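Protein chains in written order, with our numbering: chain W, -18 to 484; chain A, 41 to 368. The C-beta atom is built at its ideal place from N, Cα and C for all residues, glycine as well. On a predicted model such as this, the values are computed, not experimentally measured, just so you know.
#1: If we ignore side chains and look at the alpha-carbon of each, how far apart do residue 361/W and residue 135/W end up?
#2: What residues from the stretch 248 to 273 of chain A come within 7 Å of chain W, judged by C-beta to C-beta, listed N to C?
#3: Looking only at C-alpha atoms, which of 184/W, 236/W and 239/W sits nearest to residue 212/W?
#4: Which stretch, first to last residue, makes up the beta strand (DSSP E) that contains residue 65/A?
#5: Which residue wins for smallest C-alpha separation from residue 54/W, given the options 263/W, 154/W and 140/W?
#6: For residue 477/W, count the other beta carbons within 10 Å of its own beta carbon; 16 or more makes it buried, fewer makes it exposed. Which is it?
#7: Using Cβ-Cβ distances below 9 Å, what residues of the stretch 208 to 235 of chain A are close to chain W?
#8: Ignore the nearest five residues each way along the sequence and tell me which others in residue 148/A's own chain have a CB closer than 6 Å to its CB.
#9: Could you check the C-alpha separation between residue 104/A and residue 91/W for me, to the nearest Å?
#10: According to DSSP, simplified to helix, strand and coil, what is residue 287/A?
#11: Any chance the stretch 116 to 132 of chain A sits against the stretch 184 to 196 of chain A, with 3 or more Cβ pairs inside 8 Å?
#12: Taking only beta carbons into account, state which residues of the stretch 416 to 430 of chain W come closer than 9 Å to chain A, listed in chain order.
#13: At the level of alpha carbons, what is the spacing between residue 201/A and residue 211/A?
#14: State the CB to CB distance for the pair residue 197/W and residue 0/W, rounded to an integer number of angstroms; the pair is presumed to be in contact (CB under 8 Å).
#15: If residue 270/A sits next to residue 351/A, beta carbons under 8 Å apart, how far is it from one beta carbon to the other, in whole angstroms?
#16: Measuring CB atoms only, is the stretch 393 to 411 of chain W touching the stretch 174 to 189 of chain W, in the sense that at least three cross pairs come out at less than 8 Å?
#17: Straight-line CA distance for residue 245/W to residue 273/A?
#18: Can you give the beta carbon distance from residue 260/A to residue 221/A, rounded, assuming they're within the 8 Å contact cut?
#19: Rounded to whole angstroms, what's the CA-CA distance from residue 138/A to residue 118/A? Just pull it up for me.
#20: So who's on the other strand from residue 446/W, going by DSSP bridges?
#21: Quick one: which chain A residues come within Cβ less than 7 Å of residue 306/W?
#22: Who does residue 6/W pair with in a DSSP beta bridge?
#23: List the whole-angstrom C-beta distance separating residue 359/W from residue 329/W, where the pair is believed to meet the contact cut-off of C-beta under 8 Å.
#24: I'd like to know whether the C-beta of residue 335/W is nearer than 7 Å to at least one C-beta of chain A.
#25: Taking C-beta to C-beta, are residue 280/W and residue 296/W nearer than 7 Å?
#26: According to DSSP, is residue 430/W part of a helix, a strand, or is it coil?
#27: Return the chain-ordered ranges of every beta strand (DSSP E) run that is complete within the stretch 391 to 421 of chain W and spans a minimum of 3 residues.
#28: Are the CB atoms of residue 173/W and residue 9/W within a distance shorter than 7 Å?
#29: Name, going along the chain, the residues of the stretch 308 to 338 of chain A whose beta-carbon falls closer than 9 Å to a beta-carbon of chain W.
#30: Can you grab the Cα-Cα spacing for the pair residue 490/W / residue 284/W, in whole Å?
#31: Could you check whether the Cβ of residue 133/W sits closer than 7 Å to any Cβ belonging to chain A?
#32: Which residues in the same chain have their Cβ closer than 6 Å to the Cβ of residue 267/A, if we skip the five residues on either side of it in sequence?
#33: Give every residue of the same chain whose Cβ lies closer than 8 Å to the Cβ of residue 140/A, excluding the five residues on either side of it in the sequence, and list them in chain order.
#34: State the Cα-Cα distance for the pair residue 318/A and residue 23/W, rounded to the nearest angstrom.
#35: So, is residue 376/W buried or exposed, given that buried needs 16 or more other C-beta atoms within 10 angstroms?
#36: Against chain A, does residue 464/W count as a neighbour if the rule is that its beta carbon must be under 7 Å from one of theirs?
Right, here's the structure in full:
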């Protein structure tokens, strides 16, 4: 049965056409993946279907009936519901309150039926096989738990069509498997699911059909069995290009730029590592592995109680980020929108933010700012309407380039990159990898923290695996094997590192 | 960038200026003698006093804070000047007396602003609470200096410098213009300005970019208090007395002016010229009502309605950013 169909959808903003004659169709009981690079129009289509952009032309029909999706309310009344990660949760309300927000269960006409809501919420979240404190404000939950709450909210609203936008991004592997199972269950129950993801693996894992968008147009809609990985990438990017491990000149043989010796604090256990100039060192670990704590220590955001940290042979213990920046460190954090960028300001202002502190520059006229910004926009190929464009309106990949520009401009010697390509499309990802390699070739040192093993294999010279605050093992990336690394970080988790010591 | 876009952007970002002009025009239509030398002088004098409060308030609000103490801070400033001046009168030459009393008032204002900033940045007291506290503290200080009795300024030069005028333009308006230009320059061209906007936009991102976030916050509360101190000089010279309730609840008008000027209370954006234009609108409305013989009691109501209407128009415009869909 056909649940949803769009016919010749067009939409534009400020005179710029974004979607061109988009035809899309969803069957009941189907998981239909939607993929495309950032800016391809996936999110725009979702926003049309959920009534956020109402000025489209063309026709949307839901369950065979033409519907003008003029508002979010119309969308919901027709059973269309979007799950946008943790974005539509109220951080101060509890999980129960969020799940039933606007859809509260009542006893009588006014009184809220909290026991019933809690009971039902427990049943919904119970499907995910995680212990979740339903009464705690969601701001205190982990990102992955917030994602689960967001999905449960859609389930509680009894939606027929679920539009799931990058929902798995904050989830770890186990939670992800559970999510897939739940989605398959929902599809088996006759719901239609539109699943948007940058992880192509997911598409092949759960999708029945996939629709690829490129530059606002539908390139193809095919069954996932009729297309392979390379075909999908070719459809998305319009070219046959996939990032591959590039031969790199060996890092210099000089003394290490950065060295950690048996560094411990309340999250790290005797961490040791060394990094030379021109080297890319990858750190693999799951969410609970405390790999980000290494970056926090180097960047002056966290202290250590034991061990030594040295920079260029001298002891280094920055008290705050400013000191680390002056020493030559730059940080590209996870969650770039909330922790890395001042999104309500322009590209140019974000780029110069670290330079002015490092250089002690006092006068920063608009002409100087513009010049610096434009040089970086050219250097990294940032796609923006100009240096004055607000960062808010850039795509994830271009936001990441803005963050990188900051540190290139501040001439940082060491870049700490935390999940540097999370939520970034394949094309831009390849571009970023090229940039990272060029930086290393120019003598910069890169420390990459990520849970994406393929990324580490493609990018780094050496790879460290990390479990519960400890470094488990070090690999030469050219000879490392994905399953061995996965085995380290997945299987060793919870088992301690006794056998690592035995190796 | 094409010129047309630049013009559009200018009109979009300075939407309070035409509103101010329209209201003056309206006043002239209601009563052609509205634009008289006397009225202009009165409006500009008023505007100069409020203007200094608006400048400081705007600075604080752009960093994502709010300052409720500016009104009482200005009152306290006028009181301190009067108290010191009266105490030193006859004992030291008038010029020295003037200098000492002005500096004493600024020093006290600056100190309170500094401590307020410290409690916001260091102790992480929410700005609303911290400045509510300092608002009452400075009111208490004002009362205790003069026991609530209005006191005059014996050094005549004080009234000439802060209450004088050049034709229809009060000297205070020139001071305000100078202060605004300086502040706009600092915000637009100095790294301090980049910091202020960055802190208001995302203070964590600013912190990990190496911005001394805490000191930026301390600085804006201090500067706001100092500017309020200057407003106190103007209000004192205008009223001829230092009086602890001289600028009672002025801070609310300052905040209203800022909001009308399009500065977001969540911080990170806005500029002072719009805030000043918003303030001018409020001042013209005030005089217009007095001039048209409407009850002064209604002023609050009118201001409230205009404030809400302004915000409504603003949010309507934001809600529908996208023009009609285009076909290729």
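From the atom records:
#1: Residue 361/W and residue 135/W have their C-alpha atoms roughly 39 Å apart.
#2: Those would be 248, 249, 250, 251 and 252, in chain order.
#3: It is 184/W whose Cα lies nearest to the Cα of residue 212/W.
#4: Residue 65/A -> not in any beta strand (DSSP E); alpha helix (DSSP H) instead, spanning 56 to 70.
#5: Out of 263/W, 154/W and 140/W, 140/W has the C-alpha closest to the C-alpha of residue 54/W.
#6: Because residue 477/W sits at a pLDDT of 41, beneath the cut-off of 50, its placement in the model cannot be relied upon, and the following sentence gives the value as read from the coordinates. It counts as exposed.
#7: Residues of the stretch 208 to 235 of chain A with a C-beta less than 9 Å from any C-beta of chain W: 228, 229, 230, 231, 232, 233, 234 and 235, listed in chain order.
#8: Correct list, in chain order: 120.
#9: For residue 104/A and residue 91/W, the distance between alpha carbons rounds to 38 Å.
#10: Note: residue 287/A maps to coil in three-state DSSP.
#11: In this structure the stretch 116 to 132 of chain A touches the stretch 184 to 196 of chain A; the number of beta carbon pairs closer than 8 Å is three or more.
#12: Residues: none.
#13: Each residue's alpha carbon lies about 7 Å from the other.
#14: Sure, about 5 Å apart at Cβ, within 8 Å.
#15: Going by Cβ atoms, the distance from residue 270/A to residue 351/A rounds to 29 Å, so no, they are not a contact pair.
#16: Taking 8 Å as the limit for Cβ pairs, the verdict is that the stretch 174 to 189 of chain W does touch the stretch 393 to 411 of chain W.
#17: Those two C-alpha atoms are separated by around 58 Å.
#18: The pair is not a contact, with the Cβ atoms about 18 Å apart (cut-off 8 Å).
#19: Answer to the nearest angstrom: the Cα atoms are 13 Å apart.
#20: Beta bridge pairing from DSSP links residue 446/W with 265/W and 454/W.
#21: Within 7 Å Cβ-Cβ: 250.
#22: Answer by DSSP bridge pairing, in chain order: -14/W.
#23: The Cβ separation is near 13 Å, so there is no contact.
#24: Yes, residue 335/W lies at the interface with chain A (some Cβ there is under 7 Å from its Cβ).
#25: No.
#26: Residue 430/W carries a strand assignment under DSSP once its states are collapsed to helix, strand and coil.
#27: Whole beta strand (DSSP E) segments, 3+ residues: 395 to 399.
#28: Their beta carbons are under 7 Å apart, which means residue 9/W touches residue 173/W by this criterion.
#29: Listed by position, the residues of the stretch 308 to 338 of chain A near chain W (Cβ gap below 9 Å) are 308 and 309.
#30: The displayed coordinates of chain W run from -18 to 484. Any statement about residue 490/W would go beyond what the structure contains.
#31: With 7 Å as the cut-off, residue 133/W does not count as an interface residue toward chain A.
#32: Counting only Cβ-Cβ distances below 6 Å, and skipping sequence neighbours, we find 92, 95 and 96.
#33: Answer for residue 140/A: 124, 128 and 132, listed in chain order.
#34: Straight-line measurement puts the Cα of residue 23/W at about 41 Å from the Cα of residue 318/A.
#35: Residue 376/W counts as buried, since at least 16 other C-beta atoms from the protein chains shown sit within 10 angstroms of its C-beta.
#36: Judged by the 7 Å Cβ criterion, residue 464/W is not in contact with chain A.
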